[in-house]
Amino acid sequence: LRASLLGVVEKIRNSVLLDTRDVDAIIRDLQRVLLKADVDVKLVFDLSERIKKRFFSQEIPSGFSKRDVLIKILYEELVTLLGGENTTPYVVPKTPYTIMLVGIEGSGKTTTAAKLAKYFKEQGYRVGLIAADTYRPGAHDQLKQLAEKIGVYFYGNPHSKTPLAIVEEGVKELTSKNVQILIIDTAGRHKDEEALMREVVEIHESLKPDDVMLIIDATLGKEVSRQAAAFHERIPLGHVIITKLDGSARGGGALSAVAATGARIAFIGTGEKLEDLEPFVPQKFVARLLGMPDLEALIKRFQAVEAVERERAKLIASGKITLLDLKEQLLEVRKLGPLSKVLEMLGGSSLPLKGSIEGSEEEFDKWIAIMNSMTQEELLKPEIIDRSRMMRIARGSGTSVRDVRKLLDSYHQMRKLVRQLYRSRRRIPGLNL
Ligand code: GDP
Ligand code: MG
390 LRASLLGVVE KIRNSVLLDT RDVDAIIRDL QRVLLKADVD VKLVFDLSER IKKRFFSQEI
450 PSGFSKRDVL IKILYEELVT LLGGENTTPY VVPKTPYTIM LVGIEGSGKT TTAAKLAKYF
510 KEQGYRVGLI AADTYRPGAH DQLKQLAEKI GVYFYGNPHS KTPLAIVEEG VKELTSKNVQ
570 ILIIDTAGRH KDEEALMREV VEIHESLKPD DVMLIIDATL GKEVSRQAAA FHERIPLGHV
630 IITKLDGSAR GGGALSAVAA TGARIAFIGT GEKLEDLEPF VPQKFVARLL GMPDLEALIK
690 RFQAVEAVER ERAKLIASGK ITLLDLKEQL LEVRKLGPLS KVLEMLGGSS LPLKGSIEGS
750 EEEFDKWIAI MNSMTQEELL KPEIIDRSRM MRIARGSGTS VRDVRKLLDS YHQMRKLVRQ
810 LYRSRRRIPG LNL
C-alpha cells in the first residue's frame, strides 16, 4: 500500500497544471492503489469524489501551490478513512483495568498480549498476563515464557479444563497482587466457529472486561471484514489491533474494514519482536503512508492559515481592523508603485494614514519591517504588545521602540476611525473591509 501511494504522491508532485485531466489521472491511480489494497469499493468511490469536489472548489491560499492543496486534501481524506481525528494514543483510564483479547488462531493474540504487557509496563504499570487458551498445545507455556522475558505477572493453569475458570482464578490472584492492567489471552481455534464464539461470550459475561480488543491479521485482506463482523455481533468490541502490517501490501483491507465497523484501531503490530507495537494515530500513519518527510510541516502551515482566517473573519464581522489587515493593505499599496503616486491615486487627503506616511517611502517600509517582526498573535491582538514586546520587535526590525510605538498609535487612531466609519456603514477608500 505504501509503495504504491508513494507513486500517487510522486505523480502529484510532478504534475504541472493539475487541471481536470491531471487530477482525474491521479485519482484513477489512487483508486487502483486502494482497491488493490482491498479497501472497500464504495469507500474508494466516495473518497475519490470528495477529493475532486474539494480540490476544485477550494481557493488556493497565498503561499501554497495547487499541489500542496491536493496533497493536503488527500491526506485529510485518508485520515478520515482510517478513523478520523483521534490524535491521542490509547490510554488506560483507570486501574485495575482488564483487557480481553479475541481473534482467530494465528491472528497474533498471544504475541500481541505480550507486546501490550511490555508497552504498559514501560509506562510504569504493574501488568499481568492470563493464559486462557486451553486449546492450542503449548499456548500456556508460550505466554508464560513471554511474561518471564518481559518481567510481568502471569497466571495460567495447564491442568484446568475450562478457560472461564482460569480467567476467574487469574483475575482474583493477580488483583490480590495489586496488578493494575490484566491482559487476557484467549483461544482462537475451535472445531466449529460457534463453539469459539460461545466461549468468548461466556468469558465476556463473567469477566465484564473494561476493554475487548479484536486482533486482526492484516495479511488476510478482505476476509478481515467478515471476522470483525462475526465477533462484533456477539460481543461489544472496544478496540481493534491490526497485526502484521509490516510488509503487508494488503493492509488497506484491514484498515478500512475496521473503520467501516466503527471500532477504533488502538494499536498496530509491525513485526514479530515484542517492541513492534505502535499506538495507532491515523494522522501519523497516513503521513508515513504518503512518505513525505515535510508533510507535517505542510499541514501545520495550512492549519495556521486556517486559524488566522477564522480569527480574522470573526474580527471583521465585528467591525474590527487588525494590524494584519493593515500590513496586507500596505503590501498591496506597495505593489502599486512609488508611494507618492499611490497617495495621489487614492486622493491622498481622505486616507487616514496620510499624515503619518506622507512623502516617506522609508517610513512606509519601516512599518512593513516592524509588522514583519511581529508574531501572528501580535498582529491580531495588538493590545498584548507591551514594552518588552516592543523592544523585541524593534530589535527584530532594526527600528526603535519609538518607531514601534508610533506605528501602534497610528493603528489605534485608524482603528477608531474605522469603527466610526463602520458604525455609519461607510467604507474607507483603499481599504477593503
Ligand atoms: P495467536 O494464535 O492469535 O495467539 O497468534 P500468535 O501470537 O501465536 O502469532 C502467530 C504468528 O504471527 C507468530 O508467528 C507471530 O510471530 C506472528 N506475528 C504476530 N504479530 C505479528 C506482527 O505484527 N508482524 C509479524 N510479521 N508477525 C506477527
Ligand atoms: Mg495464541
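Numbers given in this note's numbering equal positions in the sequence shown, counted from 1, plus 389. Virtual Cβ for every residue (Gly too), placed ideally from N, Cα, C.
_Given a cut-off of 8 Å on the beta-carbon distance, is the pair Met489 and Ile573 in contact?_
Against the sequence shown, residue 489 aligns to sequence position 100. Against the sequence shown, residue 573 aligns to sequence position 184. Yes, Cβ-Cβ distance for Met489 and Ile573 is below 8 Å.
*Among the residues of its own chain, which have a CB less than 7 Å from the CB of Pro478, if the five just before and after it don't count?*
On the sequence shown, position 89 is the one that residue 478 refers to. Within the same chain, Pro478 has close Cβ partners Pro668, Val670.
*Going by DSSP, what residues sit across from His628 in a beta bridge?*
In the sequence shown, residue 628 corresponds to position 239, counting from 1. Paired residues: Met602, Arg653.
_Per DSSP, the bridge partner or partners of Phe543_ = On the sequence shown, position 154 is the one that residue 543 refers to. Leu518, per the DSSP bridge assignment.
*With a threshold of 7 Å, establish whether the CB of Asp574 neighbours any heavy atom of the ligand MG.*
Taking the sequence shown and counting its residues from 1, one reaches residue 574 at position 185. Checking every heavy atom of the ligand MG against the Cβ of Asp574, one is found closer than 7 Å.
*Check whether the Cβ of Asp522 sits closer than 7 Å to any heavy atom of the ligand MG, and report yes or no.*
Within the sequence shown, residue 522 is the residue found at index 133, counting from 1. Checking every heavy atom of the ligand MG against the Cβ of Asp522, one is found closer than 7 Å.
*Which ranges would you report for the alpha helix (DSSP H) in the segment 399-445 if only whole runs of at least 4 residues count?*
409-425
*asked:* I'd like the list of long-range same chain contacts for Pro482, defined as Cβ closer than 7 Å, with 5 residues on each side in sequence excluded.
replied: Numbered from its first residue, the sequence shown carries residue 482 at position 93. So no residue of the chain qualifies.
*Tell me, which residues are paired with Tyr486 by DSSP?*
As a working mapping, residue 486 is identified with position 97 in the sequence shown. DSSP output for Tyr486 lists Ile570 as bridge partner(s).
*In or out: Asp754 buried (at least 16 other Cβ within 10 Å) or exposed?*
By one-based count along the sequence shown, residue 754 stands at place 365. Classification for Asp754: exposed.
_Considering only DSSP beta bridges, list what Thr575 is partnered with._
Stepping through the sequence shown from its first residue, residue 575 is reached at position 186. In the DSSP output, where bridge partners are listed per residue, Thr575 has Ala521.
*So what does DSSP say about Leu663, is it helix, strand or coil?*
By one-based count along the sequence shown, residue 663 stands at place 274. If DSSP states are grouped into helix, strand and coil, Leu663 belongs with coil.
_Nearest-angstrom Cβ-Cβ length linking Lys561 and Gly545, presumed shorter than 8 Å_ = Taking the sequence shown and counting its residues from 1, one reaches residue 561 at position 172. Taking the sequence shown and counting its residues from 1, one reaches residue 545 at position 156. Not confirmed; about 14 Å, so no contact.
*Exposure of Phe445, with buried meaning 16 or more beta-carbon neighbours within 10 Å*: For this step, residue 445 is matched to residue 56 along the sequence shown. Label assigned to Phe445: exposed.
*Using the Cα positions of Ser383 and Gly627, report the straight-line distance between them to the nearest angstrom.*
For the chain, the structure presents residues 390 to 822; residue 383 sits outside this window and is missing.
*May I ask whether a heavy atom of the ligand MG can be found less than 7 Å away from the beta carbon of Thr499?*
Here residue 499 corresponds to residue number 110 of the sequence shown, with the count starting at 1. Yes.
*If we count Cβ pairs, one from each stretch, closer than 8 Å, do we get three or more for the segment 587-606 versus the segment 400-408?*
no
*Using the DSSP secondary-structure output, state which residues sit across from Pro552 in a beta bridge.*
The sequence position of residue 552 within the sequence shown is 163, counting from 1. Partner(s): none; Pro552 has no beta bridge.
*Put Pro671 into one of helix, strand or coil per three-state DSSP.*
On the sequence shown, residue 671 is found 282 positions in, with the first residue counted as 1. Looking at Pro671 - three-state DSSP - the assignment turns out to be helix.
_Cβ-based neighbour list, Phe543, same chain, cut-off 6 Å, excluding 5 preceding and 5 following_ = Here residue 543 refers to the residue found at position 154 of the sequence shown. Within the same chain, Phe543 has close Cβ partners Leu518, Lys533, Ala536.
*asked:* For Gly658, list the residues DSSP reports as bridge partners.
replied: Here residue 658 refers to the residue found at position 269 when the sequence shown is read from its first residue. Gly658 pairs with Leu666.
*Distance, Thr469 Cα to Arg410 Cα*: Residue 410 sits at position 21 when you count from the first residue of the sequence shown. Residue 469 sits at position 80 when you count from the first residue of the sequence shown. One C-alpha to the other measures close to 25 Å.
*Buried or exposed: which applies to Met780, given that a residue is buried once 16 or more other Cβ atoms fall within 10 Å of its Cβ?*
As a first step, residue 780 must be located in the sequence shown, where it is residue number 391. Result: exposed.
*For Ser786, which residues from the same chain have a beta carbon less than 6 Å from its beta carbon, with the 5 sequence-adjacent residues on both sides left out?*
As a working note, residue 786 is residue 397 in the sequence shown. These residues qualify, in order along the chain: Ala758, Ile759, Ser762.
*Reference Gly473; option with closest CA among Tyr800, Glu752, Glu661, Val675*: The sequence position of residue 473 within the sequence shown is 84, counting from 1. The residue with the shortest Cα to Cα distance from Gly473 is Val675.
*Taking 8 Å as the cut-off, decide whether the C-beta atoms of Val398 and Ile460 are in contact.*
Along the sequence shown, one-based indexing puts residue 398 at 9. Along the sequence shown, one-based indexing puts residue 460 at 71. Their beta carbons are under 8 Å apart, which means Val398 touches Ile460 by this criterion.
*What is the DSSP secondary structure of Gly737, reduced to helix, strand or coil?*
The sequence position of residue 737 within the sequence shown is 348, counting from 1. In this predicted model, Gly737 has a pLDDT of only 47, less than 50, meaning its place in the structure is not dependable; the value taken from the coordinates is given anyway. Looking at Gly737 - three-state DSSP - the assignment turns out to be helix.
*DSSP state of Val491 mapped onto helix, strand, coil*: Within the sequence shown, numbered from 1, the residue matching residue 491 stands at position 102. Val491 falls in the strand class under three-state DSSP.
*For Leu644, does the count of other Cβ atoms within 10 angstroms reach 16, so buried, or fall short, so exposed?*
Translated into the one-based positions of the sequence shown, residue 644 becomes position 255. Burial call: buried.
*Between which two residues does the alpha helix (DSSP H) harbouring Glu767 extend?*
By 1-based counting over the sequence shown, the position of residue 767 is 378. Its alpha helix (DSSP H) spans residues 765-769.
*Write down the C-beta distance between Ile774 and Leu797 rounded to the nearest angstrom, noting that I regard them as a contact closer than 8 Å.*
For the purposes of this step, residue 774 is identified with residue 385 of the sequence shown, where counting begins at 1. For the purposes of this step, residue 797 is identified with residue 408 of the sequence shown, where counting begins at 1. Contact holds; Cβ gap of about 7 Å.
*Tell whether a beta-carbon distance below 8 Å holds between Tyr508 and Gln569.*
Here residue 508 is taken as the residue at index 119 of the sequence shown, counted from 1. Here residue 569 is taken as the residue at index 180 of the sequence shown, counted from 1. No. Outside cutoff.
*By a C-beta neighbour count over all protein chains shown, 10 Å radius and 16 as the cutoff for buried, is His801 buried or exposed?*
The sequence position of residue 801 within the sequence shown is 412, counting from 1. So His801 counts as exposed.
_According to DSSP, is Met681 part of a helix, a strand, or is it coil?_
Here residue 681 corresponds to residue number 292 of the sequence shown, with the count starting at 1. Coil, per DSSP.
_Is it buried or exposed, Lys805, if we count other Cβ atoms within 10 angstroms and call 16 or more buried?_
Taking the sequence shown and counting its residues from 1, one reaches residue 805 at position 416. Exposed: under 16 other Cβ atoms inside 10 Å.
*asked:* Among the candidates Lys441, Val541, Gly577, whose CA atom is the shortest distance from the CA of Lys498?
replied: By one-based count along the sequence shown, residue 498 stands at place 109. Considering only alpha carbons, the answer is Gly577.
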